[in-house]
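Trainee:
There are 2 protein chains.
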Amino acid sequence: MSNDTGHGRGGAPGLVFTPADVPAPTHAERARTLAEQHKFGALSSLALEPAGYPYASFTTFALADGEPVFLISRMAEHTRNLQADARASLLVHDSDKADPLANGRVTLVGKVHKVARPAERERAAFLAAQPTAAYYADFTDFDFYRMQLESVRYIGGYGRMSWVDAAAFLKAEADPLAAAASGILAHMNQDHQTALLAYAHAFTSAQDATQAVMTAVDRYGFELTVHTPRGIGPARLAFEPALTHADDARKALIALLRRAEAQLSG
Amino acid sequence: MSNDTGHGRGGAPGLVFTPADVPAPTHAERARTLAEQHKFGALSSLALEPAGYPYASFTTFALADGEPVFLISRMAEHTRNLQADARASLLVHDSDKADPLANGRVTLVGKVHKVARPAERERAAFLAAQPTAAYYADFTDFDFYRMQLESVRYIGGYGRMSWVDAAAFLKAEADPLAAAASGILAHMNQDHQTALLAYAHAFTSAQDATQAVMTAVDRYGFELTVHTPRGIGPARLAFEPALTHADDARKALIALLRRAEAQLSG
C-alpha cells in the first residue's frame, strides 16, 4: 500500500481533504487489477515488414499468474514477428472515462515465447478468460504464447504513473472489489448522498462540505470528490481493516456511517 | 470498390446469398472509415528503456488528411521514444462486437515527427477531434507530432484483412453513413423485419428466407444475415447509385422495398 491519494488533477490546486495515513493500493496492485479486468489489448511487436518498425496489433489475452498468455495463429503478422524477435509489450486500457486521458492503462513489457503443447497452465488460464476460444484452441495453426514479464508501466490517469517492478506486479493481488466497484459507486451516489456527506464532515478536513461524490472504491478504502464553499477537492478514506470480499463493502460502509454519525453528534 | 462480401465466417460453410456484382467498400475505404471514427488508440514506438523493445502506449489522435496527428508531452515515454527513433505505428480498433476478434481494426505504420509550431493544419485537425485539448495545446512541454504514413494493415474481422496501400488510404473517403449506421441497423431490425425479408426474397439467392437481419450498412449497400431452412448465410445488396449522405439511406431503403414488392408480386 502507498499514500497515493489518487488525485493528480482534482479541482482547485492544493485542495486535498484526505486525512493522514490513509492506505491506498500500490501501483503494482492497481496495475494488476486493471490488467486482470480486460480480455483484449494492443500487442506491440517488431515488424518483419517494414523491418524493425514497432507494430501494434489487436489481440485477446489472459493472465496466467500475472503473465500475459496469447492464443495466436501462425499466419498472423504478430505471430511471425514474435517468432523472429520475442521482444514485445501489451497495452491494456480502461475506457470508462469521458476524457480519454483520464483512463487507467498499463503496458506489460517482456519477451513472448511459444509454449510447447499441451501448455496446460496457459490453456486453462486462456480458456477461463476466453471460453469461446475453445473451438480453435486445438487448431494446428494456433499456438499458446506467454510473455516473460520484465517491466510494467502503469498510468492511472492524470498525475498517477510509475514504472512498476515486475516481481511486485506478479506478486500483487487484483482488487477483490474491482468487478463490483462501478455498482457500489452508482448505488452510493444515487441513494446515499447523506452518508457520503457525513463521511466528509466526520473524517476529512472538509467540515464545510456541501456535497460529496464517491469516485472510486477498492479493498483499502474509497475516494470522494468533495465540494465546499472554498472549492472542490479529493479525499480518500480507509476501510479498516481492509476488505477481502466485495460482499463486505456494504457492511463496512454502514459501520463507517455509524461512526461518522456518532462523531458528528458527540 | 471491391467484391468483398464482408463475410468470412457467416454460418454454414459455402452458404452465401449475395447476387453477382454487388459493389462494396474497398479495404482502403473501410480502413479510413474506421480510423476516422476514433479518437484514441495504441501507439507503438521503440523504447529507450528497455532499449529496442516495441512499446505500446495509450494516446489520443486525430487524422489530418488521413495522417495521424498527436499532441504529446515531452515528458511522456512515447515522446522520448519517437524523438530517438521516429518509426511507429498506431492501432485503432472497434469494440462494439461481443466477440473481440470480430471487431474491425487498423494499424497505421510510418515515421512520426514533431511538427514545428504553429503547426496550423495539425492543430486545427487535432482540436476539431479533441476539443478539450484546447487547454493544453499551447503548454510549452506539448508538441504536435504527425505520422508520415507508409503502410496500413486492415483487419475487418474474420476473413477480411489485407495490407492497404498508403496512397489509397490517404485518397479514400470515410463512409458518409458511418456515424448513422448503428441507428439505421437498430431501426431496420426492430421495425422493418418484413422489408428485410422482402429484400432477401427478391434480390438474393435465398428465396426460401425465413428471417433476415441487417448487420452492416455503408454508402454502397448493406449486409444481411439470412436464415433459411438450408442454413444461415450472408448476403450483400447494393444501393444504386451509391449514397452520398446518411440522410439518403431512408429514401433508398424505401425505394428498394417498392422494387422488391413489385418484383415479388410480378
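Heads up: the sequence lines are chains A and B, in that order. If you're matching positions, the first sequence starts at 1 in this note's numbering and goes up one per residue. If you're matching positions, the second sequence starts at 267 in this note's numbering and goes up one per residue. Glycine included, C-beta positions come from ideal geometry on N, C-alpha and C.
Are there 16 or more other CB atoms within 10 angstroms of the CB of glycine 183(A), so buried, or fewer, so exposed?
Mentor: Per the 10 Å Cβ criterion, exposed.
Trainee: Should glutamate 36(A) be flagged as near chain B, meaning a C-beta pair shorter than 8 Å?
Mentor: Not an interface residue.
Trainee: Relative to the C-alpha of alanine 297(B), which candidate in Ala403(B), Ala385(B), Arg419(B), Thr345(B) has its C-alpha closest?
Mentor: The option with the nearest alpha carbon to alanine 297(B) is Arg419(B).
Trainee: Taking buried to mean at least 16 other C-beta atoms within 10 Å of its own C-beta, is alanine 249(A) buried or exposed?
Mentor: That one is buried.
Trainee: At which residues does the beta strand (DSSP E) containing glycine 41(A) begin and terminate?
Mentor: Looking at the DSSP string, the run of the beta strand (DSSP E) that includes glycine 41(A) is 40-46.
Trainee: Among the candidates Gly233(A), Ala255(A), Leu185(A), Lys251(A), whose CA atom is the shortest distance from the CA of leucine 318(A)?
Mentor: One cannot answer for residue 318(A) here, as it falls past the ends of chain A, which runs 1 to 266.
Trainee: Can you tell me the Cα-Cα spacing of glycine 332(B) and alanine 342(B), whole angstroms?
Mentor: About 24 Å.
Trainee: For alanine 286(A), which three-state DSSP category applies?
Mentor: The structure shown does not extend to residue 286(A), since chain A is modelled only from 1 through 266, so no value can be given for it.
Trainee: Is the shortest distance between the beta-carbon of threonine 60(A) and the beta-carbons of chain B less than 8 Å?
Mentor: Yes, contact with chain B.
Trainee: Please confirm whether arginine 105(A) and phenylalanine 327(B) have their CB atoms less than 8 Å apart.
Mentor: No, the pair does not count as a contact, with Cβ atoms beyond the cut-off.
Trainee: Can you list, in chain order, the residues of the segment 381-400 of chain B whose Cβ is nearer than 7 Å to any Cβ on chain A?
Mentor: Answer in chain order: Thr398.
Trainee: Tell me whether the beta-carbon of serine 265(A) lies closer than 8 Å to the beta-carbon of proline 19(A).
Mentor: Not closer than 8 Å, so no.
Trainee: Run through DSSP, which three-state label would histidine 201(A) get?
Mentor: Three-state DSSP puts histidine 201(A) in a helix.
Trainee: Beta carbon of leucine 127(A), beta carbon of alanine 133(A): below 8 Å?
Mentor: Yes. Within cutoff.
Trainee: Is glutamate 261(A) close to chain B? Criterion is C-beta to C-beta, closer than 8 Å.
Mentor: Closer than 8 Å: no.
Trainee: So who's on the other strand from aspartate 484(B), going by DSSP bridges?
Mentor: Paired residue(s): Gly487(B).
Trainee: Since tyrosine 53(A) meets chain B, which of its residues come closer than 7 Å, beta carbon to beta carbon?
Mentor: By Cβ distance, chain B contributes Arg353, Ser355, Val375.
Trainee: Roughly how many whole angstroms lie between the Cα atoms of glycine 110(A) and lysine 437(B)?
Mentor: Cα to Cα, the separation comes out at about 38 Å.
Trainee: Does the distance from the CB of valine 217(A) to the CB of leucine 185(A) come in under 8 Å?
Mentor: Yes, the pair counts as a contact, with Cβ atoms nearer than the cut-off.
Trainee: Consult DSSP for phenylalanine 169(A) and reduce its assignment to one of helix, strand or coil.
Mentor: Looking at phenylalanine 169(A) - three-state DSSP - the assignment turns out to be helix.
Trainee: Where do the ends of the alpha helix (DSSP H) carrying histidine 293(B) lie?
Mentor: First-last of the alpha helix (DSSP H) with histidine 293(B): 293-302.
Trainee: Threonine 371(B) versus chain A: which residues are under 8 Å apart at the beta carbon?
Mentor: Just to set this straight, residue 371(B) is arginine in the shown sequence, not threonine. Going along chain A in sequence order, the residues near arginine 371(B) (Cβ under 8 Å) are Ser57, Phe58.
Trainee: Do the CB positions of alanine 47(A) and leucine 357(B) come within less than 8 Å of each other?
Mentor: Contact: no.
Trainee: In this structure, how does DSSP classify histidine 192(A) when only helix, strand and coil are distinguished?
Mentor: It is coil, neither helix nor strand.
Trainee: Among the residues of its own chain, which have a CB less than 6 Å from the CB of valine 267(A), if the five just before and after it don't count?
Mentor: The shown model of chain A, from 1 to 266, leaves out residue 267(A), and the question about it has no answer.
Trainee: For glutamine 263(A), I'd like the list of residues in its chain whose CB is within less than 6 Å of its CB, leaving aside the five on either flank, ordered along the chain.
Mentor: Within the same chain, glutamine 263(A) has close Cβ partners Ala202.
Trainee: Counting only beta-carbon separations shorter than 8 Å, does histidine 93(A) have a partner in chain B?
Mentor: Histidine 93(A) counts as touching chain B.
Trainee: Name the DSSP bridge partner or partners of methionine 161(A)?
Mentor: The partner list for methionine 161(A) (beta bridge, DSSP) reads Ile155(A).
Trainee: In whole angstroms, what is the alpha-carbon distance linking alanine 445(B) and leucine 374(B)?
Mentor: Alanine 445(B) and leucine 374(B): Cα-Cα distance of roughly 21 Å.
Trainee: Does any CB atom of chain B fall closer than 8 Å to the CB of aspartate 143(A)?
Mentor: Chain B contact via Cβ: absent.
Trainee: Using a Cβ-Cβ distance under 8 Å, would glutamate 173(A) count as near chain B?
Mentor: No, its Cβ sits nowhere closer than 8 Å to a Cβ of chain B.
Trainee: Among Phe408(B), Phe405(B), Gly487(B), Thr460(B), which one has its Cα closest to the Cα of histidine 511(B)?
Mentor: Selected option, being the one with the closest Cα: Gly487(B).
Trainee: When you compare only the Cα positions, how much space is there between lysine 517(B) and proline 320(B)?
Mentor: So the alpha carbons of these two residues sit roughly 49 Å apart.
Trainee: Tell me, which residues are paired with tyrosine 145(A) by DSSP?
Mentor: Paired residues: Phe70(A), Lys114(A).
Trainee: Can you grab the Cα-Cα spacing for the pair asparagine 189(A) / alanine 198(A), in whole Å?
Mentor: Asparagine 189(A) and alanine 198(A): Cα-Cα distance of roughly 13 Å.
Trainee: Can you give me the C-alpha to C-alpha distance between arginine 387(B) and aspartate 441(B), rounded to a whole angstrom?
Mentor: Approximately 22 Å between the Cα atoms of the pair.
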